[in-house]
């Protein structure tokens, strides 16, 4: 029965930056603490790893905090929390410098200055990047930093099943009870097949996104909303779940999951959205053309596809300097070549794909949830930064800023935590291993169909009611299977995806105005 001072569920930029700061602090004070990081596959398989474009920060003197704040609020349709936007933007330079100090590399110009890119929705060049694999570079540097600290233990192939609260001691726990406490998590050891107790004074959820509830997503297969669902079942409060960001430009390849992302930075570099005949269309939708915010571009592409009866549109970079493009986007160039597309002579077929969750577990400006000793950071959390739509390259920034703030808050509170000594072992008596996994596979396909067809880029009241009714039947069917079965990753992931889908549908049905990423065709003002 492992017991730790700190348990971190997830090994992306949010979880690792938080762990590294804790480790450094206690090493400097020479106080021994134990820090556990668990991840359900290998440590580097995270949403962070797949982030291509970069990380936004006011770095050049020609830029300003005020402009970055304005751009973030504008993209979020003004329902962002202004104080949170200001915190993130103004604390960004110091947090980015820490990433650099950890060994993160960002591309530089020949004279030695950082090569700052510009992306959709930004009024200035402020995107630090490393080729087109910025997230993977940050992940590499953070993993190397974590390995330097002996007080951090990384558990790979461990899957968090359920948070531990007073509920597991027989108490009644309701959603707005103010004294709910988290004592760690029940965790499935994927190698042994056994569920173990990971007890902890403080628990951090850094579990990433929810993309795999949809048929098409740029998220890795691990993105199944685990942290959000576990927090919700533990009576955590969630916000803004209706705001699902679809990246306008994933590479069109039917059946491919995850979809390969054609970074927004490609449009910042000069890429232009076009129809098959080479004509442009973004002028019909927004004055910013191909550099409009993602929600506008995604809906424009969706509209063009439906009007013209086509499965995709195109992104044209034939006019761009090929050598410079290759230097900036080597992986995108190679992916296109492997698919038989020479960017010098052919356009890239693109289609929107689910990309990011702007809502999540409600947290304070210090990353605290409404559950005591439980923090949430990164894509699984709702800080209020993004409002109704995330500005490009603000997500990695949010994760590292709130990783730091959660670290600061944790230092003030973790000594107050007392883990009871009578927490029971996981009880799976009366359950069996399911004889067939086909049920889980088919239910997952049905869930993907429900969410993609009825709760996607454009919604209607009728579609969402149909989604809600079908999801209720799916939930009942799955709960029966869950109660009868030994814990498995596939069964638990599906359970979590159903929970997250329920939250998305309920909040989308409750939203009576079109704002940001939520667009209901029945509520268009005439």
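In the working numbering, the protein residues as written are 712 to 1237.
Glycine residues also receive a C-beta, built at the ideal position from the N, C-alpha and C atoms.
How far does the alpha helix (DSSP H) with residue i in it extend, from its first residue to its last?
i: residue 1251; result: The chain is shown only over 712 to 1237; residue 1251 falls outside these bounds and no answer can be derived.
i: residue 1111; result: 1106-1124
i: residue 728; result: 724-740
i: residue 871; result: Counting along the chain, residue 871 falls outside any alpha helix (DSSP H), though it belongs to the beta strand (DSSP E) covering 869-874.
i: residue 1180; result: 1172-1195
Which same chain residues end up closer than 8 angstroms to residue i when comparing Cβ atoms and leaving out the 5 residues on each side of it in sequence?
i: residue 790; result: 1098, 1099, 1226 and 1227
i: residue 1171; result: 1231, 1232 and 1233
i: residue 875; result: 893, 894, 895, 896, 897, 908, 910 and 1134
i: residue 1182; result: 1158, 1161, 1209, 1212, 1213 and 1216
i: residue 944; result: 873, 874 and 1210
Between residue i and the rest of its own chain, which residues show a CB-CB distance below 6 angstroms, the 5 nearest in sequence each way excluded?
i: residue 753; result: 867
i: residue 860; result: 734
i: residue 843; result: 763, 974, 1040, 1042 and 1043
i: residue 982; result: 1026 and 1028
i: residue 971; result: 962 and 1046
i: residue 907; result: 898 and 900
i: residue 922; result: 928, 930, 934 and 1065
i: residue 938; result: 916, 918 and 1091
i: residue 725; result: 917, 1088, 1089, 1110 and 1114
i: residue 1162; result: 924, 925 and 1212
i: residue 920; result: 758, 930, 934, 1068 and 1090
i: residue 727; result: 853 and 857
i: residue 1144; result: 1197
i: residue 979; result: 828, 829 and 830
i: residue 1179; result: 1216
i: residue 863; result: 730, 734, 746 and 857
Starting from residue i, trace the beta strand (DSSP E) both ways and give me its first and last residue.
i: residue 812; result: Looking at the DSSP string, residue 812 is not in any beta strand (DSSP E); the run it does join, the alpha helix (DSSP H), is 793-813.
i: residue 1154; result: Premise fails: residue 1154 lies in the alpha helix (DSSP H), 1149-1165, not in any beta strand (DSSP E).
i: residue 896; result: 895-900
i: residue 845; result: That residue, residue 845, is in no beta strand (DSSP E); its alpha helix (DSSP H) goes 845-858.
i: residue 750; result: 746-750
i: residue 776; result: No beta strand (DSSP E) contains residue 776, which is instead part of the alpha helix (DSSP H) from 776-786.
i: residue 717; result: 714-720
i: residue 1128; result: Where residue 1128 is concerned, there is no enclosing beta strand (DSSP E), given that its DSSP letter is neither H nor E.
i: residue 880; result: No beta strand (DSSP E) contains residue 880, which DSSP labels as neither H nor E.
i: residue 1087; result: 1085-1087
Confirm, please, whether the CB-CB distance from residue j to residue i is below 9 angstroms.
i: residue 1103; j: residue 1005; result: yes
i: residue 1240; j: residue 933; result: Limits of the chain in this structure are 712 at one end and 1237 at the other, which puts residue 1240 out of reach.
i: residue 955; j: residue 1209; result: no
i: residue 1112; j: residue 777; result: no
i: residue 892; j: residue 1105; result: no
i: residue 1197; j: residue 904; result: yes
i: residue 936; j: residue 1149; result: no
i: residue 1061; j: residue 969; result: no
i: residue 804; j: residue 768; result: yes
i: residue 1095; j: residue 796; result: yes
i: residue 1206; j: residue 1193; result: yes
i: residue 751; j: residue 942; result: no
i: residue 755; j: residue 848; result: no
i: residue 1033; j: residue 999; result: no
i: residue 722; j: residue 749; result: yes
i: residue 913; j: residue 716; result: yes
i: residue 1086; j: residue 1117; result: yes
i: residue 965; j: residue 1022; result: yes
i: residue 1154; j: residue 1188; result: yes
i: residue 714; j: residue 1130; result: yes
Assuming residue i contacts residue j under a Cβ cut-off of 8 angstroms, what Cβ separation, rounded to an integer in Å, is found between them?
i: residue 837; j: residue 781; result: Contact flag wrong, Cβ pair sits at about 12 angstroms.
i: residue 886; j: residue 829; result: Rounded, the Cβ-Cβ distance is 43 angstroms, inconsistent with contact.
i: residue 813; j: residue 819; result: About 17 angstroms separates the two Cβ atoms, so there is no contact after all.
i: residue 1165; j: residue 1174; result: 4 angstroms
i: residue 736; j: residue 1122; result: 7 angstroms
Near residue i, what residues of its chain come up, given a Cβ to Cβ distance below 7 angstroms and the 5 sequence neighbours on each side ignored?
i: residue 1007; result: 996 and 997
i: residue 952; result: 1070, 1214, 1215 and 1218
i: residue 845; result: 762, 763, 764, 765 and 766
i: residue 1223; result: 1234
i: residue 1136; result: 908
i: residue 950; result: 1070, 1073 and 1093
i: residue 1120; result: 1077, 1078 and 1079
i: residue 879; result: 1134 and 1135
Taking only runs that begin and end inside the region 1019-1080, name each unbroken beta strand (DSSP E) of 3 or more residues, in chain order.
-> 1024-1027, 1059-1068 and 1071-1073
Ranges of the beta strand (DSSP E) found wholly within the region 893-954, counting only runs of at least 3 | The region 893-954 contains these whole beta strand (DSSP E) runs: 895-900 and 905-916.
For the region 954-993, which segments carrying the beta strand (DSSP E) assignment without a break, of at least 3 residues, lie completely within its bounds, in sequence order?
-> 955-962 and 983-985
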